[in-house]
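So the structure is just underneath, and the comments pick up after that.
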Amino acid sequence: MTDPRRSNPQQSTAGNDEPRPRADGGYGTVADAEIGRASESGDWYRQLRAVAETEYRLAVRGRWAIALTAVFAAFALGLTTFSGSSVSPEGFERTVASLAVLAVYLVPLVALAFGYDAVVGREESGWLRTLFALPVERAWIVVGTLIGRAVVLASATILGFGVAGGFLLLEFGLGGFDAYVQFLLAAVGLGLVFLAVGVLVSALAREKTHALGIALLIWAWFVLVHDLLGLGIVAAFDLSGTAVSAMLLANPTGIFRALVLGSLGAAGDAGFATVLAESGLSTGVLLGALVVWIVVPTVLAALAIRRRRL
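Just so you know, the UniProt record's numbering puts 139 at position 139 of the sequence shown, and the rest follows in order with no gaps.
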């Protein structure tokens with residue numbers, strides 16, 4: 001008798017080797033199969049983990065992890081090398097203050113560049129249509145995508161700025177190193193805020209060019225315009241402590257400055273760090289506000305993706 005598998009080999013392999021589109025325009029990967037298995041199981045956390053792992057692998061494969069780490073390390077090392085601070089705990093704190101000023105401009109820009117195409121870019125490549133075809137809740141697609149990219153961004157921030165921290169530790173010793181750890185954690189939180197905002201923009205935009213333009217406008221508003229307007233209003237009007245606090249909490253970069261520069265005394269006497277004394281906000285309130293800035297854009301992106309039509 002003839003083996004039916006030999007007489008029709010295509011029939012025996014069609015179910016297993018059918019090509020699947022993936023994010024980079026190629027065909028199916030092991031990660032694709034994991035998402036399918038997770039979706040069949042019906043467990044939301046398995047779906048979330050599968051999407052997050054896939055997004056993380058794609059980001060690492062695309063050299064994003066190396067690029068982000070290199071950018072942070074290059075700027076941090078350049079600033080610490082030419083900062084010219086004295087070898088003392090005060091010099092350590094002044095270097096941290098300079099790094100915080102750098103991070104206010106660099107971290108949001110990098111995070112937005114990393115997140116603006118998370119949804120709309122996947123749609124243009126065809127990967128989003130594949131995910132929508134699976135029995136996976138759309139909200140978990142967005143949240144999983146954000147988590148996968150957040151791991152890459154947080155790791156790059158810690159490694160990149162951590163290299164500079166190692167040199168500072170060798171130069172200044174342990175005196176003042178707690179200020180650097182506080183700066184590092186706050187920088188991670190700032191990056192996650194703008195990554196979540198970038199994913200929200202990506203979930204709302206219909207084209208990558210539109211998402212990129214909106215992301216740049218958001219960066220300009222929070223990094224440049226908002227603080228200038230805020231400082232002008234504070235200088236021109238006698239505002240109450242509540243108004244000053246609301247103005248500070250309305251900008252995640254202001255929260256970052258308050259967390260880092262507010263504890264450095266004279267070394268952090270710049271910008272909204274001087275306004276912090278008038279606001280009376282505690283560290284716990286500032287950390288809670290930073291968490292809110294991460295959660296709210298994530299929830300809005302998860303709601304927006306449900307209404308998105310391909």
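Every residue gets a Cβ at the ideal spot worked out from N, C-alpha and C, and that includes glycine.
What is the rounded straight-line gap between the Cα of residue i and the Cα of residue j?
i: R61; j: G148; result: 13 Å
i: E207; j: V120; result: 6 Å
i: S86; j: A100; result: For S86, the pLDDT reaches just 48, beneath the cut-off of 50, and the residue's location in the model is therefore unreliable, leaving the point undetermined.
i: L134; j: A301; result: 19 Å
i: R57; j: V292; result: 28 Å
i: L174; j: L290; result: 28 Å
i: A111; j: G165; result: 21 Å
i: G189; j: V197; result: 13 Å
i: T129; j: L217; result: Correcting the residue identity first, residue 129 is Arg in this sequence and not Thr. So the two alpha carbons sit approximately 29 Å from each other.
i: A235; j: Q182; result: 29 Å
i: A179; j: F167; result: 15 Å
i: R49; j: F114; result: 20 Å
i: E124; j: A70; result: 28 Å
i: A215; j: A187; result: 19 Å
i: L281; j: R309; result: 43 Å
i: T283; j: H210; result: 36 Å
If you drop the 5 nearest sequence neighbours on each side, which residues of the same chain put their C-beta closer than 7 Å to that of residue i?
i: L286; result: I255, A258 and L259
i: A150; result: L192 and L195
i: L212; result: Y116
i: W219; result: P108, L109 and L112
i: A59; result: A65, G148, R149 and V152
i: L249; result: I255 and A289
i: V143; result: L48, T298 and A302
When the cut-off is 9 Å and only beta carbons count, does residue i lie next to chain B?
i: H226; result: The question asks about chain B, but that chain is absent: this structure has only one protein chain.
With hydrogens ignored, establish whether the beta-carbon of residue i is closer than 8 Å to any heavy atom of the ligand HEM.
i: L79; result: With respect to the ligand HEM, the structure offers nothing, as it holds no ligand at all.
By a C-beta neighbour count over all protein chains shown, 10 Å radius and 16 as the cutoff for buried, is residue i buried or exposed?
i: R94; result: buried
i: I294; result: buried
i: W221; result: exposed
i: V107; result: buried
i: L68; result: buried
i: V237; result: Per the sequence shown, the amino acid found at residue 237 is Phe instead of Val. Burial call: exposed.
i: T253; result: buried
i: T80; result: buried
i: V152; result: buried
i: A52; result: buried
i: R122; result: buried
i: A246; result: exposed
i: L170; result: exposed
i: I233; result: exposed
i: G160; result: buried
i: V225; result: exposed
In its own chain, which residues sit with a C-beta less than 8 Å from the C-beta of residue i, not counting the 5 before and 5 after it?
i: L200; result: P297, T298, L300, A301 and A304
i: L102; result: F75, A76 and L79
i: R306; result: R138 and A139
i: L223; result: A quick correction: the sequence has Val, not Leu, at residue 223. Taken in chain order, the residues that qualify are V104, Y105, P108, L109 and T253.
Once you ignore the five residues that flank residue i on each side, which residues in its own chain have a CB closer than 6 Å to its CB?
i: T145; result: E55 and A118
i: L131; result: I141
i: A73; result: G160 and V163
i: L184; result: F161
i: N251; result: F222 and H226
> Any chance the stretch 137-157 sits against the stretch 228-239, with 3 or more Cβ pairs inside 8 Å?
Replying inline: The stretch 137-157 makes no contact with the stretch 228-239, as fewer than three CB pairs between them are under 8 Å.
> Are there three or more Cβ pairs, one per stretch, closer than 8 Å when the stretch 203-221 is compared with the stretch 106-124?
Replying inline: Enough Cβ pairs lie closer than 8 Å, so yes.
>> Could you check whether the stretch 42-51 touches the stretch 60-75, counting it as contact only if at least three pairs of C-beta atoms, one from each stretch, sit closer than 8 Å?
In response: A contact is defined here as three or more CB-CB pairs under 8 Å, and the stretch 42-51 fails this definition with respect to the stretch 60-75.
>> Under 8 Å, with one C-beta from each stretch per pair, do the stretch 234-251 and the stretch 145-159 reach the 3-pair mark?
In response: Output reads no: the stretch 145-159 does not touch the stretch 234-251.
>> Restricting to runs no shorter than 4 residues, where is the alpha helix (DSSP H) found entirely within the stretch 77-138?
In response: For the stretch 77-138, the continuous alpha helix (DSSP H) assignments of 4+ residues that do not extend past its boundaries occur at 89-115, 120-125 and 127-133, in sequence order.
> Whole alpha helix (DSSP H) runs in the stretch 185-268 with 4 or more residues, listed along the chain?
Replying inline: Taking only runs of at least 4 residues, the alpha helix (DSSP H) segments lying wholly in the stretch 185-268 are 208-220, 226-236, 241-249 and 252-261.
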